[in-house]
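Numbering-wise (my numbering), the sequence shown opens with residue 84 and increments by one. Have a look at the structure below before the remarks.
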Amino acid sequence: MVVTGGLIMVTALWMVITGLLARSQLQAVRDEVPLLRAQITSGDLVAARKTLDELRTHARRAHQLTTGPAWALAAQLPGGDNPIRTVRGIAATADDLASSALPALLDARDKIDPGSLRKADGSIDLAPIVAVAPSIERADRTMTAAVARVSALPPHTWLAAADHARSDLLGQLTDLAGTVRSADLAVHIAPQLLGVDGVKRYFVGFQNEAEARGTGGLPGAFAILKIDHGKPTFTRFESDTTLRKVATGLNLGADYQQLYEGAATTSLYVNSNISPNFPYAAQIWAAMWRKYSGQRLDGAIAVDPTALSYLLDVTGGATLPDGTKVDAGNVVSLTQSTVYTKFATDVAGRKKYLLDIAKAASTRIVDSHGSTSRLVDAAAKAIGERRILVWSADPSVEAQLKQTALSGAIPPNAAPFAGLSIVNDGGNKLDYYLDRTLRWQRTGCGATRPVTVTITLTNGAPTGLPAYVTARSDEHGYSVKPGDNRLEVSYFASHEAVMQSVTVGGKRGFVGSGDELGHPVYVVDLELPRGATRTIVFHLVEPAGSAKPVVLRQPLVRPLNVTVEDQPCG
Numbered sequence: 084m085v086v087t088g089g090l091i092m093v094t095a096l097w098m099v100i101t102g103l104l105a106r107s108q109l110q111a112v113r114d115e116v117p118l119l120r121a122q123i124t125s126g127d128l129v130a131a132r133k134t135l136d137e138l139r140t141h142a143r144r145a146h147q148l149t150t151g152p153a154w155a156l157a158a159q160l161p162g163g164d165n166p167i168r169t170v171r172g173i174a175a176t177a178d179d180l181a182s183s184a185l186p187a188l189l190d191a192r193d194k195i196d197p198g199s200l201r202k203a204d205g206s207i208d209l210a211p212i213v214a215v216a217p218s219i220e221r222a223d224r225t226m227t228a229a230v231a232r233v234s235a236l237p238p239h240t241w242l243a244a245a246d247h248a249r250s251d252l253l254g255q256l257t258d259l260a261g262t263v264r265s266a267d268l269a270v271h272i273a274p275q276l277l278g279v280d281g282v283k284r285y286f287v288g289f290q291n292e293a294e295a296r297g298t299g300g301l302p303g304a305f306a307i308l309k310i311d312h313g314k315p316t317f318t319r320f321e322s323d324t325t326l327r328k329v330a331t332g333l334n335l336g337a338d339y340q341q342l343y344e345g346a347a348t349t350s351l352y353v354n355s356n357i358s359p360n361f362p363y364a365a366q367i368w369a370a371m372w373r374k375y376s377g378q379r380l381d382g383a384i385a386v387d388p389t390a391l392s393y394l395l396d397v398t399g400g401a402t403l404p405d406g407t408k409v410d411a412g413n414v415v416s417l418t419q420s421t422v423y424t425k426f427a428t429d430v431a432g433r434k435k436y437l438l439d440i441a442k443a444a445s446t447r448i449v450d451s452h453g454s455t456s457r458l459v460d461a462a463a464k465a466i467g468e469r470r471i472l473v474w475s476a477d478p479s480v481e482a483q484l485k486q487t488a489l490s491g492a493i494p495p496n497a498a499p500f501a502g503l504s505i506v507n508d509g510g511n512k513l514d515y516y517l518d519r520t521l522r523w524q525r526t527g528c529g530a531t532r533p534v535t536v537t538i539t540l541t542n543g544a545p546t547g548l549p550a551y552v553t554a555r556s557d558e559h560g561y562s563v564k565p566g567d568n569r570l571e572v573s574y575f576a577s578h579e580a581v582m583q584s585v586t587v588g589g590k591r592g593f594v595g596s597g598d599e600l601g602h603p604v605y606v607v608d609l610e611l612p613r614g615a616t617r618t619i620v621f622h623l624v625e626p627a628g629s630a631k632p633v634v635l636r637q638p639l640v641r642p643l644n645v646t647v648e649d650q651p652c653g
């Protein structure tokens with residue numbers, strides 16, 4: 084008995100000592116992972132290799148300290164609150180990542196140097212991207228497995244330190260796994276979009292944010308972009324009048340037809356992107372161009388002046404035929420405000436001027452030999468704001484695109500979801516001055532939860548605007564003044580949400596309704612006088628959940644201000 088008691092005491096002491104040592108090693112790993120990620124992102128690969136070596140040493144040591152007969156036996160003890168199992172799982176996962184996934188990421192960053200991807204002729208060197216795809220894919224699988232492995236560990240044990248370590252690691256892994264997944268998608272999608280297997284042609288639609296549409300702004304001038312093995316060139320630039328009367332005959336489904344019936348979205352180019360789901364608009368654009376020209380396209384791209392400003396900030400400005408300089412500082416105001424004063428009554432002149440800007444800015448960006456890294460960062464910013472969107476006619480490529488923000492696709496059946504979509508119903512350019520606020524509040528606990536959505540819109544249009552900016556083309560049975568606007572305000576709710584009531588300006592409101600991609604859609608016809616603020620409040624009941632809502636951020640000149648207030652449950 085004395086021997087047995089002594090053996091138990093020695094074993095317990097051994098586990099305490101090795102556990103403390105392992106904890107020290109894992110704390111080092113916890114600090115080194117974000118450092119390594121930052122170094123890889125910034126391109127400081129010398130420092131990244133040093134950090135990876137240290138991280139690998141600490142992770143391996145933590146794993147070694149938590150293996151052996153004593154730890155293995157203790158991990159098998161009954162009880163779902165066994166911290167030994169958690170500590171061993173954390174150490175094993177950290178060691179696995181340090182020896183496989185993280186070195187693969189560093190190796191990929193070493194081979195894909197954004198600064199050297201651009202060739203002398205302006206084309207993108209696709210070979211390095213193709214070469215690293217297999218290793219990035221393996222890293223993605225490893226990261227996914229690691230997240231699942233740590234998620235399966237006991238979250239609540241009798242040892243708080245183990246619980247905190249699991250929570251910290253899971254947070255880091257989830258964040259890093261998202262980055263790796265994005266990288267995996269990028270190295271598989273980019274070569275296909277950039278013509279690795281032959282010429283690709285895309286419709287490029289320039290959206291005018293001064294007149295709101297679901298995907299952003301009114302589609303105006305457009306171009307046809309050709310990409311051959313990474314080499315981009317523009318083959319056509321056209322005014323919106325080119326597609327003015329081109330009917331496609333597309334059928335996008337009963338839900339789509341019910342929501343947008345009467346807007347002639349598949350035959351009227353300026354209404355083709357009323358839905359905020361970009362793949363719909365892209366299919367219409369491609370179909371219109373094929374009907375007009377006979378040319379089948381491989382995809383479509385949407386871009387707006389704000390996105391151009393981000394890119395021109397890297398490449399420098401462009402010069403128009405009349406000598407005007409277009410750059411990051413003026414492209415937004417020039418194309419969506421100043422142009423209406425400059426060409427107050429000359430419609431043809433204005434369209435040509437906007438086409439000149441689109442051509443000059445786009446050519447400058449494509450032909451630029453500026454910093455590729457900075458261009459990538461600028462494009463990423465625009466993509467994150469839904470200002471650059473891409474659709475592929477290849478179903479396999481499109482399926483991958485839909486897993487990224489680049490697709491502009493509304494996630495079907497997503498819950499919770501909060502989507503505000505504004506469409507200008509006045510036929511004017513007053514949305515340049517529109518301020519928008521969305522407040523999403525969820526309370527209660529149970530099988531369903533109350534959700535209150537408050538939408539606040541302000542028409543900040545000044546006096547003295549050109550008639551073309553303030554003109555109204557809608558039919559209305561009431562008097563309006565210059566600067567008064569009319570908006571179709573659509574709210575896309577969570578899957579299976581049910582609206583209880585709606586108020587507009589504090590009074591009971593009337594809404595149209597429909598469904599799109601599994602989301603209930605509630606539509607308010609709103610008159611918004613110049614200088615006025617209107618508030619719409621939706622009271623909904625939604626399925627229970629704890630995740631934060633996916634928020635649809637429609638890109639306009641002025642940003643959407645979002646507040647999320649969520650009462651915790653459980």
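Glycine included, every Cβ here is placed at the ideal spot set by N, Cα and C. This structure is a prediction, so every number in the text was calculated from the model and none was measured.
Report back the beta-carbon spacing between residue i and residue j to the nearest angstrom; my notes put them in contact at under 8 Å.
| i | j | result |
| --- | --- | --- |
| G502 | L609 | 17 Å between Cβ atoms; not a contact. |
| F289 | V386 | 6 Å |
| G126 | I207 | About 18 Å; that fails the 8 Å criterion. |
| L333 | Q366 | 6 Å |
| V270 | I310 | Wrong, their Cβ atoms sit about 17 Å apart, outside the cutoff. |
| D514 | A295 | 4 Å |
Around the C-beta of residue i, are 16 or more other C-beta atoms found within 10 angstroms, so that it is buried, or is it exposed?
| i | result |
| --- | --- |
| F500 | buried |
| P642 | exposed |
| S241 | The question names Ser, but residue 241 is Trp in the sequence shown. So W241 counts as exposed. |
| I173 | buried |
| H693 | This structure gives no information on residue 693, because the portion of the chain shown stretches from 84 to 653. |
| H559 | exposed |
| V282 | exposed |
| V534 | buried |
| T101 | buried |
| K328 | exposed |
| V473 | buried |
| V85 | For V85, the predicted model reports a pLDDT of 43, less than 50, meaning its position is unreliable and no value from the coordinates is stated. |
| G89 | Here the model assigns G89 a pLDDT of 45, short of 50, so the residue's position is not dependable, and the following value carries that caveat. Counting Cβ neighbours within 10 Å, G89 comes out exposed, since fewer than 16 surround it. |
| P651 | exposed |
| T324 | exposed |
| L103 | exposed |
| V607 | buried |
| F593 | exposed |
| T87 | Its pLDDT being 46, under 50, T87 is placed unreliably in this model, and the value from its coordinates should be taken loosely. The residue is exposed, with fewer than 16 neighbouring Cβ atoms inside 10 Å. |
At which residues does the beta strand (DSSP E) containing residue i begin and terminate?
| i | result |
| --- | --- |
| I619 | T616 to P626 |
| T531 | T531 to N542 |
| S218 | Where S218 is concerned, there is no enclosing beta strand (DSSP E), although the alpha helix (DSSP H) it sits in stretches over A210 to S234. |
| I195 | No beta strand (DSSP E) contains I195, which DSSP labels as neither H nor E. |
| Q583 | V581 to V587 |
| R636 | V633 to R636 |
Taking residue i as the reference, give the member of the options with the closest Cα.
| i | options | result |
| --- | --- | --- |
| V112 | Q378, T176 and I123 | T176 |
| G399 | R457, T325 and D178 | R457 |
| G589 | Y605, A121 and H622 | H622 |
| A210 | V581, A191 and D323 | A191 |
| R572 | Y605, G547 and T616 | According to the sequence shown, residue 572 is Val rather than Arg. Among Y605, G547 and T616, the Cα nearest to that of V572 belongs to Y605. |
| N356 | P638, E648, T402 and P651 | P638 |
| R201 | A142, P315 and P161 | P315 |
| Y339 | P626, Q583 and L600 | L600 |
| P546 | F575, A530, Y516 and R569 | Position check: residue 546 holds Thr in this sequence, whereas Pro was assumed. That would be Y516, whose Cα lies nearest to the Cα of T546. |
| S556 | G509, E344, F593 and S596 | G509 |
| V536 | T225, G336, R525 and I466 | R525 |
| L119 | V353, Q108, R132 and S107 | R132 |
| T169 | H239, R284 and I466 | H239 |
| Y436 | P495, F286, A330 and A304 | A304 |
| S350 | Y375, E579 and A443 | Y375 |
| A550 | V430, A497 and T134 | V430 |
Starting from residue i, follow the alpha helix (DSSP H) in both directions and report where the run begins and ends.
| i | result |
| --- | --- |
| V368 | Here residue 368 turns out to be Trp, not Val, going by the sequence shown. F361 to S376 is the extent of the alpha helix (DSSP H) around W368. |
| L128 | L128 to L148 |
| I448 | V430 to D450 |
| V594 | Segment: none, V594 is in no alpha helix (DSSP H) and carries neither H nor E. |
| T298 | Element bounds for T298: n/a, residue is neither H nor E. |
| Y343 | A337 to Y343 |
| A245 | A243 to L276 |
Taking contact to mean at least 3 C-beta pairs separated by less than 8 Å, is the region 299-312 in contact with the region 245-257?
Not touching, per the Cβ criterion.
Give a yes or no on contact between the region 638-652 and the region 518-537, applying the rule of three or more CB pairs nearer than 8 Å.
The region 638-652 and the region 518-537 touch, with no fewer than 3 CB-CB distances between them shorter than 8 Å.
Whether or not the region 609-620 and the region 560-569 are in contact is what I'm after, with contact meaning three or more pairs of Cβ atoms, one per stretch, closer than 8 Å; do they touch?
Taking 8 Å as the limit for Cβ pairs, the verdict is that the region 609-620 does touch the region 560-569.
The region 408-416 contacting the region 253-265, beta-carbon criterion three pairs below 8 Å:
Contact between the region 408-416 and the region 253-265 is absent, because fewer than three Cβ pairs lie under 8 Å.
With three or more beta-carbon pairs closer than 8 Å as the criterion, would you say the region 439-450 touches the region 401-408?
Yes, the region 439-450 touches the region 401-408.
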